[in-house]
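K.L.:
Sharing a structure, written as structure tokens. Questions coming.
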Amino acid sequence: MIPHNFGLRSLWAVSALTLAGPLVPPLAADDMATEASGPEKHFAGADIFGLTVAADPQISPDGSKIAYVRRTNDIMTDRAVSSIWLIDVSSGAETPLVTGAGTHVSPRWSPNGDRLAYISTESGGGPELHVRWMDSGESANITALAEGPGGIAWSPDGNQIAYTARVPGKGLTLGSPPAKPEGAQWGKPLQVIDRLVYRRDGGSYVKPGTAQLFVVSAIGGAPRQLTFGEYSNGGAVEWSPDGSTLYFSANRREDWELQIFGSEVYSLDVASGEITALTARDGPDGAPQVSPDGSKIAYLGFDDQGNAFDQTNLYVMNADGSGSRQLVPSLDRSFDTVEWTEAGLLASYEDDGEHRVARIGLNASTATPLDARVGSGYVALPYTGGEWSVSGNGSLAFTTQSAVAPPDVAVQTRRGIRTLTSLNAVSLGGKEMGETRELAVTMEDGTVIPAWIMLPPGYKAGDKVPTILEMHGGPYAAYGPEFSIDYQLYGTAGYAVVFANPGGSTGYGEEFADRIEDNYPISNVPELMAVVDAAVAQGFSDEENLFVTGGSGGGILTAYVVGKTDRFKAAAAHKPVINWVSQGLMSDLPTLIPRYWLGGLPWEKPEEYWERGPLSNMANVTTPTLVLVGADDYRTPRSEAEQFYAALKLVGVDTALVVTPDSSHNNLSQSPSQQAARTASVIAWFDKYRTGKEAE
């Protein structure tokens, strides 16, 4: 959904092992239905294994079929399994397309819809590029790769497939070890690092090498490498209609490591390999989409002003790079995805807690939103987002969901919108889920803070219930009334959940996002307290049973809030940032955090680094606070959570540290059992301090 460099503004871009004894109860006892007690009527941890999520819906060029990825959780292997399914748009009939052993993802239609390219690990080795002939049902392995490819794109004549893939490099060596005797058992060789960004969240330590562009015959054979050099070439890959040129984005500057927003749009002559830069902005450009006649290119970008946030704009230029102009400059929203077919130019953006797709007029002034409401696949928490594709006749395939159901596949045609799947109707059938309502919150300066409350199952009007303030990460991201595993588990435990889009959240215009420029997380505190006040004043929340939690940016806020107020009975800080100095230098975003978020390097602005960090308030913290983090989190590194845990211990505040093995920053990197156990640990922590819980 978020292309190239444009997602790097956020930290989240989103803990079973407890170190505190019996904090996490066993998963099975109360979660599993038994013959004696009957089926569990509320959502439970074990229900995570029954969820199915639709992703990456790809509509065929003629709009008649949709291939999509279906993700299910395997209770025996404790992992998500991905397969590819096919939907007939007219009848809604579904058939399995690529299933069985391995992971199967990234379906991409050939230009005339007779074949489907996809990535599979069915052989048991690494990811391989496959092509399936739709009439015969036969598949062939086109090329084996060391790592998964990106940017899969068919040539217009269907004879070739372009993609990006990492080419291994040698890396720096310093000296030589002594000769190893035959049969000797020696320790592992030294690891020599000379890159600024030497590890990526979700990808462990960066292996030597670069991402390069390739083409391969659609019937198999040796691929041809088209780009070279000590910089990566990635992102979306686009063919010109005549098949002579490829368009892609890359950061090919000599100082690319220091220029996080240095990408440009390039053209590559397939015959000669000649590369030409089409843009030359001080800021990122990417996501090129070519017009059907080949005369123009739409793309995304923004001018780098050194701010923590700049909205990504939509542009169009001639195919040779001339005549660039911004489209719909009056639309105060940040674009994230673009597609251009015979049906016209479409682009998507976040808008008021939703993800929208609009038809864009080339007269530079019109954007006509479609009726479709795109739903996010980040089912752990209610982030906005989602995926979509468009056919040549203008039919839109997209993921859609609600506050009580994970993503399904829907389609918008001239006849209207139809939801084509109901993947969780059986598994969630009979479950009483939490109900989500809007909250009215207005600050003294007149600014509206969008907010919601999810009430626990069985809520009765007039009840004042224990309430959790759960805060989103990013901070340049947004929540909406979408499905959340964590929230439903909190609801089953008897808690309401209040959530909001405070200043800095996207989808409300640049001025709203800039409310946290040069002051995050400080200015969010009064906004979030106003949201809690509204939940209390409107009669939903028990003032004596308030709790607070959040992850990533929400973890920062949790750690900061408990140093500013003691109104919460307990807190749980997921993957927080505690010390901006260590986070800025140890995370996988060392070129983003210091320069753009803090306005300078740590030794240039030490006072600001300290003032905006939760450690500055440690002497005031009295709230019992649980700290949670993934063992392999390189975005807000584990060391940040460990610093907070140690600081809480040193000031005498009750705390425990929960670490999820093999988990990165993204909650979805956790296994289903880990997701359930992590949330159970938070509930157990809150229950420990919940007034009246002992008497239940």
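For the sequence shown, the working numbering assigns the number 959 to the initial residue and increments by one for each residue that follows. Ideal Cβ placement from N, Cα and C applies to all residues, glycine included.
Mark F1186 as exposed unless 16 or more other C-beta atoms lie within 10 angstroms of its C-beta, in which case mark it buried.
P.N.:
With fewer than 16 other Cβ atoms within 10 Å, it is exposed.
K.L.:
Look at the alpha carbon of S1666 and the alpha carbon of G1116, and state the distance between them as a whole number of angstroms.
P.N.:
The shown model of the chain, from 959 to 1654, leaves out residue 1666, and the question about it has no answer.
K.L.:
Express the C-alpha separation of L1130 and S1139 in angstroms, rounding to a whole number.
P.N.:
First, the amino acid is wrong: residue 1139 is Pro here, not Ser. Cα-Cα distance, rounded: 24 Å.
K.L.:
Please state whether the Cβ-Cβ distance between P1365 and A1012 is less than 7 Å.
P.N.:
Yes, Cβ-Cβ distance for P1365 and A1012 is below 7 Å.
K.L.:
If you reduce the DSSP assignment to three classes, tell me which class Y1026 lands in.
P.N.:
If DSSP states are grouped into helix, strand and coil, Y1026 belongs with the strands.
K.L.:
To the nearest whole angstrom, what separates the beta carbons of S1349 and D1020, a pair I think is in contact under 8 Å?
P.N.:
Contact holds; Cβ gap of about 6 Å.
K.L.:
Can you name, in chain order, every residue of its own chain whose Cβ lies under 6 Å from the Cβ of T1649, other than the five neighbours on each side?
P.N.:
Closer than 6 Å at the Cβ level, and outside the excluded window around T1649, lie E1502, N1503.
K.L.:
Spatial neighbours of K1651 within its chain, please: C-beta separation below 6 Å, excluding the five flanking residues on both sides.
P.N.:
Result list for K1651: D1645, in chain order.
K.L.:
Taking only three categories from DSSP, how would you classify V1174?
P.N.:
The answer is strand: DSSP assigns V1174 an E or B state.
K.L.:
Less than 7 Å between the C-beta atoms of T1122 and L1171, yes or no?
P.N.:
Taking 7 Å as the Cβ cut-off, T1122 and L1171 qualify as a contacting pair.
K.L.:
For the region 1431–1482, which segments carrying the beta strand (DSSP E) assignment without a break, of at least 3 residues, lie completely within its bounds, in sequence order?
P.N.:
The region 1431–1482 contains these whole beta strand (DSSP E) runs: 1454–1458.
K.L.:
Using the three-state DSSP reduction, which class does T992 fall into: helix, strand or coil?
P.N.:
Only weak support exists for where T992 lies, its pLDDT of 40 falling under 50; the value from the coordinates is given anyway. In the structure shown, T992 sits in a strand (DSSP, three-state: E or B).
K.L.:
How is N963 classed by DSSP in three states: helix, strand or coil?
P.N.:
With a pLDDT of only 40 at N963, under the threshold of 50, the placement of this residue in the model should not be trusted; the figure read from the coordinates follows. Helix at N963.
K.L.:
Under the assumption that W1668 contacts A1530 (Cβ atoms under 8 Å), give the Cβ distance between them as a whole number of angstroms.
P.N.:
An answer regarding residue 1668 cannot be provided, because it is not within the stretch 959 to 1654 covered by the chain.
K.L.:
Could you check whether M1429 and L1515 sit closer than 7 Å to each other, using their CB atoms as the reference points?
P.N.:
Closer than 7 Å, so yes.
K.L.:
Which class does P1572 belong to by DSSP, given the choice of helix, strand or coil?
P.N.:
Three-state DSSP puts P1572 in a helix.
K.L.:
In this structure, how does DSSP classify L1608 when only helix, strand and coil are distinguished?
P.N.:
Looking at L1608 - three-state DSSP - the assignment turns out to be helix.
K.L.:
What separation, rounded to the nearest whole angstrom, lies between the Cα atoms of Q1217 and Y1567?
P.N.:
Approximately 22 Å between the Cα atoms of the pair.
K.L.:
Look at the alpha carbon of G1404 and the alpha carbon of E1485, and state the distance between them as a whole number of angstroms.
P.N.:
The alpha-carbon atoms of G1404 and E1485 are separated by roughly 12 Å.
K.L.:
Hey, how far is the Cα of F1457 from the Cα of A1493?
P.N.:
Near 10 Å, if we compare the C-alpha coordinates of A1493 and F1457.
K.L.:
First and last residue of the alpha helix (DSSP H) that includes A1634?
P.N.:
Taken as a continuous stretch (DSSP letters only), the alpha helix (DSSP H) holding A1634 covers 1630–1647.
K.L.:
With DSSP run on the structure shown, which of helix, strand or coil describes R1211?
P.N.:
R1211 falls in the coil class under three-state DSSP.
K.L.:
Report the residue from E1300, S1081, P1327, S1280 whose alpha carbon sits nearest the alpha carbon of F1293.
P.N.:
The candidate whose alpha carbon is nearest that of F1293 is P1327.
K.L.:
Under 8 Å Cβ to Cβ from G1416, same chain only, skipping five residues before and after it: list those, please.
P.N.:
These residues qualify, in order along the chain: E1390.
K.L.:
Of the residues S1221, G1252, L1573, which one's Cα is nearest the Cα of R1239?
P.N.:
Nearest of S1221, G1252, L1573 to R1239, Cα basis: S1221.
K.L.:
Can I905 and D1309 be called in contact, C-beta distance under 7 Å?
P.N.:
Summary: the structure shown does not reach residue 905, with the chain confined to residues 959 through 1654, and so no result is reported for it.
K.L.:
Taking buried to mean at least 16 other C-beta atoms within 10 Å of its own C-beta, is A1142 buried or exposed?
P.N.:
When all chains shown are included, A1142 counts as exposed.
K.L.:
Tell me whether M1034 is buried or exposed, calling it buried when 16 or more other Cβ atoms sit within 10 Å of its Cβ.
P.N.:
Flag for M1034 reads exposed.
K.L.:
Buried or exposed for S1253, please, with buried defined as at least 16 other CB atoms from any protein chain shown within 10 angstroms of its CB.
P.N.:
Exposed, since its Cβ has fewer than 16 Cβ neighbours within 10 Å.
K.L.:
Given this structure, state the Cα-to-Cα distance separating G1201 from G1558, to the nearest angstrom.
P.N.:
Cα to Cα, the separation comes out at about 45 Å.
K.L.:
Specify, as a first and last residue, the run of the alpha helix (DSSP H) that S1040 falls within.
P.N.:
From DSSP, S1040 is part of no alpha helix (DSSP H) but of the beta strand (DSSP E) over 1037–1046.
K.L.:
Under 8 Å: do the region 1523–1540 and the region 1578–1586 share three or more Cβ pairs, one atom per stretch?
P.N.:
Yes: the two stretches touch, three or more of their Cβ pairs being nearer than 8 Å.
K.L.:
Here's a check: name, in chain order, each residue in its chain whose Cβ is nearer than 6 Å to the Cβ of P1408, leaving out the five neighbours to either side.
P.N.:
Closer than 6 Å at Cβ, skipping near neighbours: G1311, N1459.
K.L.:
Can you say whether D1005 is buried or exposed, counting buried as having 16 or more other CB atoms within 10 angstroms of its CB?
P.N.:
Answer is buried; the Cβ neighbour count reaches 16.
K.L.:
Within the continuous beta strand (DSSP E) that includes W1538, where are the two ends?
P.N.:
Note, W1538: premise wrong, no beta strand (DSSP E); alpha helix (DSSP H) at 1538–1544.
K.L.:
In whole angstroms, what separates the C-alpha of G1392 from that of R1331?
P.N.:
Whole-angstrom Cα-Cα distance: 21 Å.
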